[in-house]
DNA sequence: TGTTAGCACTCCTTATGGTCGAGTGCTAAA
DNA sequence: TTTAGCACTCGACCATAAGGAGTGCTAACA
């Protein structure tokens, strides 16, 4: 294990490197307060820390930079709780001055404040409501064979869909179908609706609804709640201000990731509670193995439904970003919950 | 005006530069077929072309590159109709193999094929349906005070909205309101609905609908068809493969533009019919004054409703991109029109 | 008069070598 | 165990030189 002094030195190096982005030399460390030993002693300790894998040396006569293992140790053991600065609080205050009145707007708004505060690329994985339950299903004829179906969940979310009705089916039959579905499926998980129909209701529907064979496609459509995982991003260009991203090829691989929605979803799907930090190789995706991804879940009515996260260089102000993300994710949950209630 | 030989030389230089991205020397031009004069003669002609502003010289002993004026002349007078290559046709064929069943999917799909074919950044400005007309308005109560309104246009588009109903208003009153609105507004331009209400219907509504003062907010909401101009982009990273975009700062200014949706909308709004080419300074936006933007309108049922375009370096294969865009915009119109009919 | 070969000249690109300085590792003394 | 001292390493920076692509000009030629 590391001695107290080694911890202090490691902390000092990372703390300096996070700001300067330059290898940190022994003299610089010795001048930091809390470290009251000479540069030579630091050099010995730094050699030890390097041997243990916490530090790296870009070349023989350069200072040291933290390794990914170093960052991991820093995050796990050396982090101090983040203190909001006056500027941050001001920005936050301005942020709250805006009223948002629907979910998408709230997401975009949250994204931009997060990007502003962290100076990183930020992501919000849109709410996935497949865990909510069916409240009611409606079908409304419009004209000709055009109709609209409306599916309402217990969370107050409304899915709407245009439908093309099959020919030669009287309206009363359709009403009967919808009534039956409502009766049987009310309260069921919306992600399982089609399964339930296939496994439990087909017989019943065939018995009670005329020409059900012509209506099974329509039934599937009615119950299909297309829930593509949508990722909102912001701050793409902020990352370009970081010296480690001034390389076009590196940037390209990250932008490729952003454009391929799936990749992002994979990157952000996030199981644990609270704030999760993934440093470098801890990420599965190759393109971000020299980046860090910090993420947190947000909830609607107590259920985790989405993720909010940032991507930045491994040289990231972890304390700050973790603190901000923790606060904003909780706050976002509150705001969304009220939005879903009120709307 | 330019002599035939000068045109041929200008054409040869641009044609070469589009591929090589390197200044073109007199020897290179003299070797091109169709130009049967010596390098020395070419040099004289190039000096003339430079004096006239069609060519530029990066430095004294370098070859020539086309100026923006040169590109403009090339596009206006020297372009040959684009011949689809076998590879392109293959890609197009694969593209058509996929079935799309709603508009957003069609847009994304079109975007990616366009990016693939042109190797540029591509944009599609989502359909703006404010020129369509109201067909019918519905309101459906869900539970508590939650309801859904449905607004159908003559183009078959459906707007849906969640509503929070005011307290103490009986359902029959709401029905009356909606009936009246339907009766009076059917066939009106949806972009003008609220105006018409304000200017012509307020009195009537007040006379026939009880407690209309409590319902005027709701009325506005009912008729509000939030139609944010949404821009879909693709191929952001393809542009990074072009040597002129290997500069991080340049890239940043373009990405900033993409992130600020409004900028893009401004860039793409497009009045003329057919394919429009804007080279360098012909663009209003500073960030793209060393790029070219090529765009075309697409239609739904004969009305232009949106724009599809590409952004790339001024050194762009204009013939190819114009040809592709012309074809795809027309094709996209056809596909969307059938989608809106069938759906 | 228009075209072409020849040639000096320009200026970018790349390679080379040298200096400077930050920072190290080692040694010896406190 | 800590510290001062010192030789050493290596990248960053700069100046200079060589190489080459391409020009502009001149003079000769059809």
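Chains as they are written, first to last, in our numbering: chain A, 21 to 363; chain B, 21 to 363.
Glycine included, C-beta positions come from ideal geometry on N, C-alpha and C.
Note that this is a predicted model, so its numbers are computed, not measured.
1. Could you run through the region 248 to 271 of chain B and flag, in chain order, every residue whose CB is less than 9 Å away from some CB of chain A?
2. Residue 176/A versus chain B: which residues are under 7 Å apart at the beta carbon?
3. In three-state DSSP terms, what is residue 212/B?
4. Less than 7 Å between the beta carbons of residue 267/A and residue 240/A, yes or no?
5. Under 7 Å between the Cβ atoms of residue 102/B and residue 343/B?
6. Residues of chain A with CB under 9 Å from residue 158/B, in chain order?
7. Alpha carbon to alpha carbon, how far is residue 170/B from residue 190/A? Give it in angstroms, no decimals.
8. Determine the chain A residues that contact residue 276/B at a beta-carbon separation under 9 Å, and present them in chain order.
9. Assuming residue 163/B contacts residue 155/A (C-beta within less than 8 Å), just tell me the rounded distance between them.
10. Could you work out which residues of chain A lie near residue 155/B, taking near to mean beta carbons separated by less than 8 Å?
11. How should residue 272/B be labelled, buried or exposed, when 16 other C-beta atoms within 10 angstroms of its C-beta is the threshold for buried?
12. Out of 218/B, 252/B, 334/B, 248/B, state which residue places its alpha-carbon closest to the alpha-carbon of residue 236/B.
13. Can you list, in chain order, the residues of its chain whose CB lies under 6 Å from that of residue 357/B, leaving out five sequence neighbours each side?
14. For residue 180/B, return the contacting residues in chain A, with the cut-off set at a CB-CB distance below 8 Å.
15. How big is the Cα-Cα spacing for residue 373/A and residue 345/A?
16. Opposite residue 157/A in the DSSP bridges: which residues?
17. Among 71/A, 84/A, 24/A, which residue has its Cα nearest to the Cα of residue 49/A?
18. Write down the C-beta distance between residue 77/B and residue 299/B rounded to the nearest angstrom, noting that I regard them as a contact closer than 8 Å.
19. Of the choices 349/A, 252/A, 295/A, whose alpha-carbon is the least far from that of residue 96/A?
20. With distances taken from CA atoms, which of 324/B, 90/B, 230/B is nearest residue 198/B?
21. Are the Cβ atoms of residue 126/A and residue 355/A separated by less than 7 Å?
22. Could you give the first and the last residue of the continuous beta strand (DSSP E) run that contains residue 271/A?
23. Is the beta carbon of residue 59/B closer than 7 Å to that of residue 40/B?
24. Can you name the residues of chain B whose CB is closer than 7 Å to the CB of residue 71/A?
25. At the level of alpha carbons, what is the spacing between residue 250/A and residue 131/A?
26. Report the option in 307/B, 293/B, 225/B, 311/B whose CA atom is closest to the CA atom of residue 324/B.
27. Could you tell me which uninterrupted beta strand (DSSP E) segments, each at least 3 residues in length, are contained entirely in the region 206 to 265 of chain A, listed from first to last along the chain?
28. Terminal residues of the continuous beta strand (DSSP E) containing residue 329/B?
29. For residue 33/B, does the three-state DSSP call read helix, strand or coil?
30. So, under 8 Å CB-CB, residue 61/B and residue 279/A are touching, yes? Tell me the CB distance rounded to an integer number of Å.
31. If distances are taken between C-alpha atoms only, which option among 51/A, 175/A, 33/A comes closest to residue 43/A?
32. List the endpoints of the continuous beta strand (DSSP E) containing residue 299/B.
33. Within 10 Å of its beta-carbon, does residue 366/B have 16 or more other beta-carbons around it, so buried, or fewer, so exposed?
34. From residue 424/A to residue 181/B, what does the alpha carbon distance come to, in whole angstroms?
Taking the definition as stated:
1. If you check each beta-carbon in the region 248 to 271 of chain B against every beta-carbon of chain A, the ones closer than 9 Å belong to 253, 254, 255, 256, 257, 260, 261, 265, 266, 267, 268, 269, 271.
2. Locating residue 176/A in the first chain gives position 156, where the first residue counts as 1. Here the neighbours are 166.
3. Indexing the second chain from 1 puts residue 212/B at position 192. Helix, per DSSP.
4. As a position in the first chain, residue 267/A is number 247, starting the count at 1. As a position in the first chain, residue 240/A is number 220, starting the count at 1. No; because the gap between Cβ atoms is not below 7 Å, this pair is not in contact.
5. Taking the first residue of the second chain as 1, we reach residue 102/B at position 82. Taking the first residue of the second chain as 1, we reach residue 343/B at position 323. Yes, the pair counts as a contact, with Cβ atoms nearer than the cut-off.
6. As a first step, residue 158/B is located in the second chain; it is residue number 138 there, counting from the start. Within chain A, the C-beta atoms nearer than 9 Å to that of residue 158/B come from 160, 162, 168, in chain order.
7. Against the first chain, residue 190/A aligns to sequence position 170. Against the second chain, residue 170/B aligns to sequence position 150. The straight-line gap from Cα to Cα measures roughly 23 Å.
8. The count along the second chain starts at 1 and reaches residue 276/B at position 256. What residue 276/B touches in chain A: 256, 257.
9. As a working mapping, residue 163/B is identified with position 143 in the second chain. As a working mapping, residue 155/A is identified with position 135 in the first chain. With a beta-carbon spacing of about 7 Å, residue 163/B and residue 155/A fall inside the 8 Å limit used to define contacts.
10. Taking the first residue of the second chain as 1, we reach residue 155/B at position 135. Contacts between residue 155/B and chain A, judged by CB atoms closer than 8 Å, involve 162, 163 in chain order.
11. Indexing the second chain from 1 puts residue 272/B at position 252. In the assembly as shown, residue 272/B is a buried residue. Its beta-carbon has 16 or more other beta-carbons within 10 Å.
12. Walking along the second chain from the start, residue 236/B turns up at place 216. Closest in C-alpha terms to residue 236/B, from the list 218/B, 252/B, 334/B, 248/B, comes 218/B.
13. Walking along the second chain from the start, residue 357/B turns up at place 337. Only 320, 321 meet the Cβ criterion.
14. Residue mapping note: residue 180/B aligns to position 160 of the second chain, counting from 1. By Cβ distance, chain A contributes 168, 170, 178, 180.
15. The displayed coordinates of chain A run from 21 to 363. Any statement about residue 373/A would go beyond what the structure contains.
16. By 1-based counting over the first chain, the position of residue 157/A is 137. 171/A, per the DSSP bridge assignment.
17. Counting from one through the first chain, the residue named residue 49/A turns up at place 29. Ranking the options by Cα distance to residue 49/A, first place goes to 84/A.
18. Translated into positions along the second chain, residue 77/B becomes position 57. Translated into positions along the second chain, residue 299/B becomes position 279. Not a contact, Cβ separation roughly 19 Å.
19. Counting from 1 along the first chain, the entry for residue 96/A is found at position 76. Nearest in C-alpha terms to residue 96/A, of all of 349/A, 252/A, 295/A, is 295/A.
20. Taking the first residue of the second chain as 1, we reach residue 198/B at position 178. Each of 324/B, 90/B, 230/B was checked against the Cα of residue 198/B, and the nearest Cα belongs to 230/B.
21. Along the first chain, one-based indexing puts residue 126/A at 106. Along the first chain, one-based indexing puts residue 355/A at 335. Against a cut-off of 7 Å, the Cβ pair of residue 355/A and residue 126/A comes out as a contact.
22. One-based indexing of the first chain puts residue 271/A at position 251. Note, residue 271/A: premise wrong, no beta strand (DSSP E); alpha helix (DSSP H) at 268 to 279.
23. Numbered from 1 along the second chain, position 20 holds the residue referred to as residue 40/B. Numbered from 1 along the second chain, position 39 holds the residue referred to as residue 59/B. 7 Å or more divides the Cβ of residue 40/B from the Cβ of residue 59/B.
24. The residue given as residue 71/A occupies position 51 in the first chain. Within 7 Å Cβ-Cβ: nothing; residue 71/A doesn't reach chain B, min ~36 Å.
25. Numbered from 1 along the first chain, position 230 holds the residue referred to as residue 250/A. Numbered from 1 along the first chain, position 111 holds the residue referred to as residue 131/A. Their Cα atoms are separated by approximately 14 Å.
26. By 1-based counting over the second chain, the position of residue 324/B is 304. Closest option to residue 324/B, Cα to Cα, is 293/B.
27. Look at the region 206 to 265 of chain A and you find these whole runs of beta strand (DSSP E), each 3 residues long or longer: 251 to 254.
28. As a first step, residue 329/B is located in the second chain; it is residue number 309 there, counting from the start. 323 to 333 is the extent of the beta strand (DSSP E) around residue 329/B.
29. In the second chain, counting from the first residue as 1, residue 33/B sits at position 13. Looking at residue 33/B - three-state DSSP - the assignment turns out to be helix.
30. As a working note, residue 61/B is residue 41 in the second chain. As a working note, residue 279/A is residue 259 in the first chain. In fact, because the Cβ distance is near 48 Å, the residues do not count as touching under 8 Å.
31. Locating residue 43/A in the first chain gives position 23, where the first residue counts as 1. For residue 43/A, the closest C-alpha among the options 51/A, 175/A, 33/A is that of 33/A.
32. Numbered from its first residue, the second chain carries residue 299/B at position 279. Annotation for residue 299/B: the continuous beta strand (DSSP E) segment containing it runs 295 to 299.
33. The shown model of chain B, from 21 to 363, leaves out residue 366/B, and the question about it has no answer.
34. In the structure as shown, chain A starts at 21 and stops at 363, and residue 424/A therefore has no counterpart that could be examined.
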